[in-house]
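Here is the structure we will look at, set down as structure tokens.
And the structure:
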């Protein structure tokens, strides 16, 4: 049974999700503010996925996401956001969030996204392979990336994007193909600008000269391509 932590202060939503996710086979624990969330993460052990409300009385779920990623945690994170907060969600994804869903949402859609992220996390743990491309080494077991032996700090989304590109080296991937692969065929609910942010940030971290990329190439009018480099 997967163990989820919900950070939410809306009692009606807490009750509804607690009942529905429990019936769907998930074990869910509740935190109503950042303090309770931090305490749960410290005292209750490992969780399989976090559901984080963006707006809370004492801050934002973005803060929890940032803290988890700073600790090196790759736990899947879904943000719960109101419709008028949707424009700020790029910030959350850039901090290392994996997905977001806008309130009010359909339970079936939320369950689908939770299961997709849990499957992807499980695949990452099971692969246990090392990918190499030029000076880059990707350890898919520890979810770490190294350039010339030095560890790179990547968000969860940046890591998945890099793995996708390296595994498809030489192949042109359209923007829609990348969104579909990263977000399980539902790329339409992710702002297309988010992908541009990930591409730019990834180049800044992996390219020796981000303004003149040699590995992560833009194929104008089509998408992106990973070009293998000699070590």
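Residue numbers (this note's numbering): 181 to 411. Heads up, the beta-carbon is just placed ideally off N, CA and C, and yes, glycines get one too.
query, result
"Does the segment 182 to 194 come close enough to the segment 213 to 225 that 3 or more CB-CB pairs lie under 8 Å?", "yes"
"Among 269, 258, 359 and 191, whose alpha-carbon lies nearest the alpha-carbon of residue 292?", "258"
"As a quick exercise: from 311, 242 and 309, pick the residue whose alpha carbon is nearest that of residue 279.", "242"
"What are the start and end residues of the alpha helix (DSSP H) that includes residue 198?", "191 to 203"
"Do the CB positions of residue 183 and residue 228 come within less than 7 Å of each other?", "yes"
"State buried or exposed for residue 234, treating a residue as buried only when at least 16 other CB atoms are found within 10 Å of its CB.", "buried"
"For a test of the three-state rule: what should DSSP assign to residue 378, helix, strand or coil?", "helix"
"Between the Cα of residue 329 and the Cα atoms of 315, 323 and 341, which residue gives the shortest distance?", "315"
"Could you give the distance in angstroms between the alpha-carbon of residue 387 and the alpha-carbon of residue 194?", "44 Å"
"Beta-carbon within less than 6 Å of residue 349's beta-carbon, same chain only, minus the 5 sequence neighbours each way: which residues are those?", "406 and 408"
"Could you name each continuous alpha helix (DSSP H) segment of 4 residues or more that falls completely within the segment 278 to 352, going from the start of the chain to the end?", "287 to 307 and 336 to 347"
"Using C-beta distances below 7 Å, list every residue in its chain close to residue 339, excluding the 5 sequence neighbours before and after it, in chain order.", "323 and 325"
"Can you find the residues in the same chain that come closer than 6 Å, C-beta to C-beta, to residue 276, ignoring five residues on each side of it along the sequence?", "245, 249, 335 and 336"
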